[in-house]
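Residue numbers (UniProt numbering): 1 to 764.
Read the structure below first, then the notes.
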């Protein structure tokens, strides 16, 4: 979620009033804003997407709730020591959190372990351990519409009789100390992005948020006029018409068997009716196609932790496979491929399969990704029910990612096309008529230059390096992962360095290359990549021959509040994943909206960005999805590129020989070995096209006017990538609710006066 103060002021239309008031107190609002900690309760794109979605849902007047875990420790703080990443705990609640309100009156029990008893009345889950879920509510204000939604985060609490009601009567002290065991559930965020780690505590976290949330939803349903009770029993027929639950990846997949357990075991609905309601309630968003990221929980672990849920999953699977067998008799291989249970070695539950079978809608997050989901990853399921598969291209909130972080540009746009674009970003197309307006071109360039100067000052303060603000700011910020190919960027830096040294007198377009992002603590290769970038920076930044032509900076502790600083100052946005690996990307959209040009592959939402702006207004290079498939078919041989490309050979030889690590010459042998022998993401295959494309970038940068015109065309084409558009599509195609742009009356206006105005005082 990042910081909340400035976003709240903007959405409430109070920023100027607050700035003025604080100024009159002799304080500086910006200094105040810097004191707030980021709420870093997610890993990367997936968590930030949810935050943008909350902003858009409130702005569109949808009655929506965001549910998650109130981690005591969020994503770790990254320190760089001697070029290596070092993790520190993110004690973000140390000074309290003024935005949250604990709601102990809504505390709920969550059960673990135990066993299942089968009686005439049905199954009973007994002898469980109970953990309490305490909700904390954070307000989510819509933009200038007097709507405030809720984000509800659960914190784990031990019940007061924890470990005291059973056989350890004697050791009271130890029993109280053992309360930590229960409360550890919400202690810390698992810091993996795009990687599955099958740890028991992580499964506990996933079930904890699911069980508490479903009880909360059902309590709210029963309290509403829809949860009509006939002779004490609730009628759930209208449940899917009143409740839509979106599963953000498979992490909350246990919600499917949990809702079935509630309906069948507790509410005593017949299985078929319960299953029909469940399917119509859930929809599933897939966020990655990397096999190592797909959740596959060991059956033994689920059986120990959630024995009843395992039985329900088996029953779901049995009925699912019976159905497929009836359609495809004797096709055992299809049954194996489509089963929720993977046999062979340790039996595992494929959570994506569970989500597909248990949902009425499945979507990817960019056109190309949704196509891959349908035709490759889940093709058997799509063949069965093609109508379930959709696309919902991701978006970003223009409130945080333009108004808040780039007020200069936001104001410049408002002067030309009015202020309405903030709620309807498609209006940015009106900027096309100013693409040849010399004054506007000059002003856009001026805002960018001011942002660069401001960020350069920040860098000089934080990193003690002198930055040339007229150099091209070439920025690559995102989680560190092999598929995102920070290594390819690194090879380009080394290539530029070698070219400068070979011919110091030759014209060279000065660059400041900024790379930032966190590596999962257990991801050895990602940590080596960070060390390599820092080792290269050390050499480049201290070579007198290079001077101010090339500077390399590794941005420490990349997070939302730092993104808000670097993105508005960026000239060139690096979006260079291997085609077919980045589901969508959202940083790409933030850079586009803030007047950077994109160098990228035809991957994720880059494809649609090129479609919107015209491919000639992005720097597109490299293999397409088809080329990658073809190269896989014929076999990728890294050596042949090394042998054929002298500059690639030179760069690799320098890394290998210890040119960048003279005290430890074979420090990077693992990296080099990977690049030659098991590089799944084919860095060498795109190197030549990448370097060539970068030459085109430098050439255009020399022509400031032509560059800025291309920038304006990009901004004018960025409207599609508002999360408001994304949410409208979810609302209409999946949730079946209508967004409302009615501004509900402010609380200080008498209700009856408001009724006359809108004829609908309960619009939201």
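From the three backbone atoms N, C-alpha and C, an ideal C-beta is built for every residue, glycine too.
Here the structure is a predicted model, which is why all the values come from computation and not from measurement.
Opposing strand residues paired with residue i [DSSP bridges]
i	result
residue 125	116
residue 2	39
residue 389	362
residue 722	396
residue 248	285
residue 743	DSSP output for residue 743 lists no bridge partner at all.
residue 512	473, 551
residue 102	136
Nearest candidate by alpha-carbon position, reference residue i, set the options
i	options	result
residue 725	114, 430, 426, 612	426
residue 577	148, 622, 562, 431	622
residue 740	749, 619, 727	727
residue 354	290, 516, 250, 573	250
residue 691	498, 424, 291	498
residue 163	156, 172, 155, 157	172
residue 176	186, 184, 158, 191	158
residue 53	396, 719, 713	396
residue 668	80, 528, 24, 215	528
residue 536	178, 737, 562, 651	651
residue 77	90, 20, 440	90
residue 415	428, 360, 454	428
residue 707	689, 572, 644	572
residue 63	747, 735, 748	735
residue 278	298, 255, 294, 268	255
residue 689	260, 525, 489	489
residue 346	301, 585, 95	301
residue 50	38, 37, 67	67
residue 8	666, 400, 82, 686	400
Distance between beta carbons of residue j and residue i, contact taken as under 8 Å
i	j	result
residue 363	residue 285	5 Å
residue 548	residue 510	6 Å
residue 74	residue 92	5 Å
residue 366	residue 671	That pair is no contact at about 30 Å.
residue 131	residue 55	Incorrect: roughly 31 Å between the Cβ atoms, too far for contact.
residue 240	residue 210	With 8 Å as the limit, residue 240 and residue 210 do not qualify as a contact, their Cβ atoms being about 18 Å apart.
residue 444	residue 712	6 Å
residue 189	residue 71	5 Å
Classification of residue i by the beta-carbon crowding that lies within 10 angstroms, buried from 16 upward
i	result
residue 120	exposed
residue 326	exposed
residue 4	buried
residue 224	exposed
residue 113	exposed
residue 663	exposed
residue 84	exposed
residue 757	Note that residue 757 has pLDDT 42, beneath the 50 cutoff, so the model's placement of it is unreliable and the number below is only indicative. Burial call: exposed.
residue 506	exposed
residue 257	buried
residue 504	exposed
residue 470	exposed
residue 760	Since pLDDT at residue 760 reaches only 37, below the 50 mark, its modelled position is unreliable, and the value read off the structure follows with that caveat. Exposed: under 16 other Cβ atoms inside 10 Å.
residue 369	buried
residue 44	buried
residue 320	buried
residue 620	buried
residue 762	Residue placement at residue 762 cannot be trusted, given a pLDDT of 33 that sits under 50; what the coordinates show is reported in the next sentence. It is exposed - the Cβ of residue 762 has fewer than 16 other Cβ atoms within 10 Å.
residue 86	exposed
residue 375	exposed
residue 764	Residue confidence for residue 764 is low, a pLDDT of 33 falling below 50, so the modelled location carries little weight; the figure read from the coordinates is stated next. Per the 10 Å Cβ criterion, buried.
residue 515	buried
residue 13	exposed
residue 35	exposed
residue 695	exposed
residue 266	exposed
residue 270	exposed
heavy atom of the ligand HEM below 6 Å from residue i C-beta
i	result
residue 219	In the structure shown, the ligand HEM is absent, as is every other ligand, since no ligand is present at all.
Complete alpha helix (DSSP H) runs within the region 470-507 (minimum length 4 residues, chain order): 486-502
Every unbroken beta strand (DSSP E) within the region 33-94, with a cutoff of 3 residues, ordered by chain: 65-69, 77-81, 84-88
Within the region 319-379, ranges of the beta strand (DSSP E) (whole runs, at least 3 residues): 348-350, 361-364
Secondary structure, alpha helix (DSSP H): runs of 4+ residues fully inside the region 668-698: List check, alpha helix (DSSP H) in window: 669-677.
Sequence ranges, beta strand (DSSP E) only - wholly within the region 128-199, length at least 3: 129-141, 148-157
Complete runs of the beta strand (DSSP E) confined to the region 533-575 [at least 3 residues]: 550-555, 572-575
In chain order, each beta strand (DSSP E) run of at least 3 residues that lies wholly inside the region 387-468: 389-391
Segments of 4+ residues assigned as alpha helix (DSSP H) that fall wholly inside the region 596-657: 606-613, 625-634, 638-644, 646-657
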